[in-house]
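What follows is a short report on a single structure.
Residue numbers (the numbering used here): 38 to 218.
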C-alpha cells in the first residue's frame, strides 16, 4: 500500500472513530430521567398561555396520565407526529389521559399553525424559548425536538422520548402507565 493510501485510510478510520465517539456520547446524554421531583414540580407550577392567549395552569391535568409533547411549528418531525397525537387524545381522552403540546415558539406562530392544522385539537401551550429549559429540567439534556414526556397519575415521569415517537410505542407506554395502581 502506498504512503498516500495509508494516510487516507488512517484519516478515514480516525473520522469514523471520532464520529462514533461523538454520536454515542451525545446519545448517552441526550435524554436522562431527572431526579425525583426535579422538573415535575416546575411543570405543575407553570401557567402558560394557549395560542389564543388564555392562561392555562398545567396543574389542571394533575391526576391524569399526562403526555407532554415539546414541539415547534418549524420542526418537521414535530408536525408529522401531531395528527397521531391528536387521534390518540380523541381515542384515550375519556380514560384519564391528557395530551398537552408545549410550543417552543411565539403565540402568533402557533396560532397561525393551528389555523392550518384544525385537526390538532389537544391543548397547545406557548412557552417560547423558555420551554427548552423546562425540557432540560424534565430530562431533555440536548434541547432537541420533538421531546415527549409521559407521567403517571401521581405526576412521576415514566417515559421520555427525544425525536419523533411512533404511535404504537406511545400507546404501549400509556397502557403500561394506566395499568399501574
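For every residue, glycine included, the Cβ atom is placed at its ideal position computed from N, Cα and C.
1. With a cut-off of 8 Å, do at least 3 Cβ pairs link the stretch 136-155 to the stretch 190-206?
2. What residues match up with residue 103 in a beta bridge as DSSP calls it?
3. In the DSSP assignment, what are the bridge partners of residue 194?
4. State the CB to CB distance for the pair residue 187 and residue 211, rounded to an integer number of angstroms; the pair is presumed to be in contact (CB under 8 Å).
5. Does the stretch 168-187 come close enough to the stretch 93-101 that 3 or more CB-CB pairs lie under 8 Å?
6. Have a look at residue 147 and residue 40 and give me their C-alpha separation to the nearest angstrom.
7. At what residues does the beta strand (DSSP E) containing residue 178 begin and finish?
8. Residue 203 by DSSP, collapsed to three states: which one?
9. Hey, how far is the Cα of residue 214 from the Cα of residue 102?
10. Between the alpha carbons of residue 177 and residue 78, how many angstroms are there, rounded?
11. Taking Cβ positions, are residue 163 and residue 83 nearer each other than 9 Å?
12. Can you name, in chain order, every residue of its own chain whose Cβ lies under 7 Å from the Cβ of residue 166, other than the five neighbours on each side?
The short version:
1. no
2. 135 and 188
3. 188
4. 7 Å
5. no
6. 58 Å
7. Note, residue 178: premise wrong, no beta strand (DSSP E); not H, not E.
8. coil
9. 7 Å
10. 16 Å
11. no
12. 141
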